[in-house]
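A short worksheet on the structure shown next.
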Amino acid sequence: MIDAAVIASTVAEGILRAATELRPDVLAAMSDSLARERSERGAAILTQLVDNAHIAARTQVPLCQDTGTVWVWVEVGQEEPPLQDLQHHVNEAVASVYRTAGLRMSVARDALFDRSNTGDNTPAFIDVSTRPGTGATVHVMLKGGGSDNASALVMLEPSAGEHGVIDFVLGHVSAKASGACPPLVIGLAVGATFDSVPKLAKKALLRRLDEPNPDPRAADFEHRLLTEVNALGIGPGALGGDTTALAVNLVTAPCHIAALPVALNMGCSALRSVSIDVA
Amino acid sequence: MADAPVHLHLPVSRDALTGLRAGDAVLLSGPVYTARDATHERIVSELRDTGELPHGLAGQTLFYAGPTPPAAGLVAGAVGPTTAARMDAWTPELLNAGIVAMIGKGVRAEEVRAACQDTGSVYFAAVGGAAALLATKVTAAVPVAYNELGTEALVRLTLDEFPAFVAIDVHGADLYREAPLAWREEGERS
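And the structure:
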């Protein structure tokens, strides 16, 4: 049986892995891009990033000093009992693992009125959804400030169409990439409603970079957009080169007949997430 | 830029910075002081009260960074640059008061580029997302002030061949603005 304590211990395991082990698909994409990068400076930066991933895995020193806010998405089977006090249990796990593993405390108590540090990296930011059957999948993402600050939401007019989405992404990447630690992974969602489109963009970052988009139209759009993003010349570290982004991960959804909601969740070179199945 | 990295020993005089050009790879050795948003508020507040940079910061280099706590047996935790633009509002005042160099990541405001040129100061770019690697280039960490700010405390780190690039030089060149354009033109030619 799954309960909140099981989810919380899974979150703790996920945090430890994510902080120090670069996702294998991201590391593979980074190594591939290094082989293709024509800018000497860009290649030097990609080499630092690949070396960094190996050093972090070997020494258990975090990949990035910004060990982020903790986002947890629990997909739970509807035959499981309700998860009692989930926020409390997950917060306790976050506080404990951040302290014992020497991760950075990066949460302010209140965004507007009290910017003091909560001191234990809580609260975690939690979403729960249900699915048929039993068991659960626990997704954990550590999101740094630099990449989240470079994220955006826009409500376009439907007439803007595919070109409007491409123009928005290119303009936004041009303006914001340098603070977001390229090579980027661009989580992009188009559709749904104002409140739900950014969540879809964040979930898009969970898809493995070597796993093709199941929708061939979306796969084609991702490829076109990635080519255009990389033609910007921003490059690794935003200091010039071919590799501005490793991937565009697109999710599309239904929406209001008057709407074209677009959300971009920027993933950095240290994109950190794990997805763990719990029986 | 194919040249070997320039070894630079900190603290560095403004005279010694005149030979650097945007795009140069450098290896930095010597003391730097970590300072993020809250640290800047404190430093600037003390500067305005006393008319001088506090804590011996005159002539020194600021590193926009908030490290993780060090693991057992290590002097420094994971450390890397944070987004420098958040410090833009305070930077010209600090350069005029005697800060000579900064390490961070990302494009700066025009006012910062101009202030670098006016004062003869340099902005170095370090690679974001390489914090486990960069931690191996830190040989000492000594708290200096504002310990109550946690990761935003002012800490003197001693660097040993810490890799960076000259992003804004004393002549007014700005790598973050120029390099993507230059690379795009290169791509169109090839």
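Chains A and B, in that order, give the protein sequences.
Under the working numbering, the residue at position 155 of the first sequence is numbered 155, and the numbers go up by one with no gaps.
Under the working numbering, the residue at position 19 of the second sequence is numbered 298, and the numbers go up by one with no gaps.
Just so it is clear, CB atoms sit at the ideal spot from N, CA and C, and this is done for glycine as well.
When you compare each of the options to residue i by their alpha carbons, which one comes out closest?
i	options	result
A356(A)	V140(A), R224(A), L86(A) and L206(A)	Coverage of chain A is limited to positions 1 through 279, which leaves residue 356(A) absent and any answer about it impossible.
E480(B)	T297(B), L332(B) and L307(B)	For residue 480(B) there is no data in the structure shown, the boundaries of chain B being 280 and 469.
Q65(A)	D303(B), T318(B), L412(B) and A380(B)	L412(B)
V107(A)	P123(A), F113(A), A101(A) and A93(A)	P123(A)
T362(B)	T297(B), A388(B) and H288(B)	A388(B)
V417(B)	G359(B), T318(B), R365(B) and V379(B)	G359(B)
D316(B)	L225(A), W71(A) and S116(A)	S116(A)
S147(A)	G119(A), L16(A), L22(A) and C268(A)	C268(A)
L336(B)	H450(B), L460(B) and V423(B)	V423(B)
E92(A)	G240(A), V74(A), G68(A) and V11(A)	V11(A)
P346(B)	A283(B), I447(B), E325(B) and G407(B)	G407(B)
A180(A)	G356(B), R327(B), L326(B) and G385(B)	G385(B)
L280(A)	C255(A), G187(A), A192(A) and A238(A)	The requested residue 280(A) does not occur in the structure, where chain A is confined to residues 1 to 279.
H54(A)	E162(A), L22(A) and L184(A)	L22(A)
P182(A)	E75(A), I234(A) and G119(A)	I234(A)
A405(B)	L438(B), W462(B) and L373(B)	L438(B)
Interface residues of chain B around residue i at Cβ under 7 Å?
i	result
A270(A)	G408
D51(A)	L412
M105(A)	G429 and T430
I45(A)	V406
N117(A)	G429
Does any C-beta atom of chain A lie closer than 8 Å to the C-beta of residue i?
i	result
K416(B)	no
L460(B)	yes
A380(B)	no
P348(B)	yes
R300(B)	no
A404(B)	yes
G352(B)	no
T318(B)	no
G451(B)	no
G309(B)	no
G466(B)	yes
E361(B)	Rather than Glu, the amino acid found at residue 361(B) in this sequence is Thr. It does: the Cβ of T361(B) has a partner Cβ on chain A nearer than 8 Å.
M280(B)	Unreliable positioning characterises M280(B) in this predicted model, as indicated by a pLDDT of 47, which lies under 50. A coordinate reading is not provided.
With 8 Å as the threshold, decide whether the Cβ of residue i is near any Cβ in chain B.
i	result
D110(A)	no
G135(A)	no
L232(A)	yes
R23(A)	no
T59(A)	yes
G68(A)	no
G102(A)	yes
G146(A)	yes
S39(A)	yes
A56(A)	yes
N149(A)	yes
Q48(A)	yes
L226(A)	no
Run through chain B and tell me which residues come within less than 9 Å of residue i, C-beta to C-beta.
i	result
L63(A)	A357, G408, A409, A410 and A411
Starting from the beta carbon of residue i, find every residue of chain A whose beta carbon is closer than 9 Å, and list them in chain order.
i	result
L341(B)	Neighbours of L341(B) on chain A: none; closest Cβ ~16 Å, over 9 Å.
A364(B)	S178 and G179
Show which residues of chain A have a CB atom less than 8 Å away from the CB atom of residue i.
i	result
Y455(B)	S178, A238 and L239
A344(B)	Q65
R463(B)	A231, L232 and G233
Could you name the residues of chain A that residue i contacts, counting a contact when the two beta carbons are closer than 7 Å?
i	result
V386(B)	S178
Is the Cβ-Cβ distance between residue i and residue j less than 8 Å?
i	j	result
I7(A)	L103(A)	no
A18(A)	L142(A)	yes
P261(A)	F194(A)	yes
I382(B)	V445(B)	no
S174(A)	L250(A)	no
M1(A)	P62(A)	no
R41(A)	G77(A)	no
D453(B)	A301(B)	yes
V94(A)	L170(A)	no
Q339(B)	P371(B)	no
S33(A)	T252(A)	no
P442(B)	G240(A)	no
C255(A)	A152(A)	no
I15(A)	V97(A)	yes
L296(B)	V391(B)	no
D25(A)	L209(A)	yes
Chain B partners of residue i, CB-CB under 8 Å?
i	result
T122(A)	Here the premise fails: no neighbours, minimum Cβ distance about 14 Å.
Please identify, using Cβ separations under 9 Å, the residues of the segment 433-446 of chain B that lie next to chain E, in order along the chain. Among the protein chains of the structure shown, namely A and B, there is no chain E.
Between the segment 260-275 of chain A and the segment 133-142 of chain A, do three or more beta carbon pairs fall short of 8 Å? The count of Cβ pairs closer than 8 Å, one atom from the segment 260-275 of chain A and one from the segment 133-142 of chain A, reaches three, so the stretches are in contact.
Below 8 Å, how does it come out for the segment 418-433 of chain B and the segment 188-205 of chain A: are there three or more Cβ pairs, yes or no? The segment 418-433 of chain B, when compared against the segment 188-205 of chain A, does not touch it at the 8 Å Cβ threshold.
For the structure I just gave you, are there three or more beta carbon pairs, one from the segment 252-261 of chain A and one from the segment 152-161 of chain A, closer than 8 Å? With contact defined as three or more Cβ pairs closer than 8 Å, the segment 252-261 of chain A and the segment 152-161 of chain A are in contact.
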